[in-house]
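Structure first, then comments.
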Amino acid sequence: MKVDHSSIQRWVFKFSPFVESNMKKRKNLVGGSWRMDETCVKVGGKDRYFYRAVEKQGNTVDFLLTTRSMKGSAQKFLNKAIGNNGKPRLINLDESGANTEAIRIINRYSLTFKKIKTRQVTYLNNIVEQDHRTIKHRLAITTGLKEFESAQRK
């Protein structure tokens, strides 16, 4: 049986939300200490920003691909990560002002008294930095990511 590649692409668009919701139900709980960072990735020859958070043990909390590295992008990522995994007690950051400002805004508008603590200790973010290296290595081996919309889905 032969199937056209466009049919497979339509199936991916149609069924990926169901697969994602099922995966969220089965996902293990993450710890309360996160390491958060962003890196630059080439998508279609343009720079895009890949936000990523991992927990203390190195398990992925969440990720997001955006067109710009700004406070709004960092806040969008944090809202997504907190919505999927709950609020952490501590986030370790690098010197990124956008990430720090996003956490400050979330703490300001939080309805609970439990605020997210931040820590800027560079060597504690080595887990995330090493993972960025793996992602960039995989993209260099393959032909890379061609379109932003399809890259966001991966």
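Oh and the sequence shown: position 121 is 571 in my numbering, straight run, nothing missing.
Every residue gets a Cβ at the ideal spot worked out from N, C-alpha and C, and that includes glycine.
Other residues of its chain near residue i: CB distance less than 6 Å, five sequence neighbours each side excluded
i	result
G481	E505, K506
F513	R502
T516	Y499, S523
Buried/exposed call for residue i, threshold 16 Cβ in 10 Å
i	result
I458	exposed
M486	buried
W484	buried
P467	exposed
L528	buried
S519	buried
Delimiting residues of the alpha helix (DSSP H) encompassing residue i
i	result
I556	547 to 558
L528	521 to 535
K567	Counting along the chain, K567 falls outside any alpha helix (DSSP H), though it belongs to the beta strand (DSSP E) covering 567 to 569.
V469	455 to 476
Any non-hydrogen atom of the ligand SAH within 7 Å of residue i CB
i	result
L528	Here there are no bound small molecules, and the ligand SAH is not part of this structure.
Paired residues, beta bridge with residue i - DSSP
i	result
R485	V504, N542
D497	K492
Contact set for residue i: own chain, Cβ-Cβ below 7 Å, skip 5 residues either direction
i	result
E426	The chain is shown from 451 up to 604; residue 426 falls before or after that span and cannot be answered.
T568	I541, L543, T550, I553
Contacting residues, own chain, Cβ-Cβ under 8 Å from residue i (five flanking each side not counted)
i	result
K530	D512, L514
Segment limits, beta strand (DSSP E) that includes residue i
i	result
V511	510 to 516
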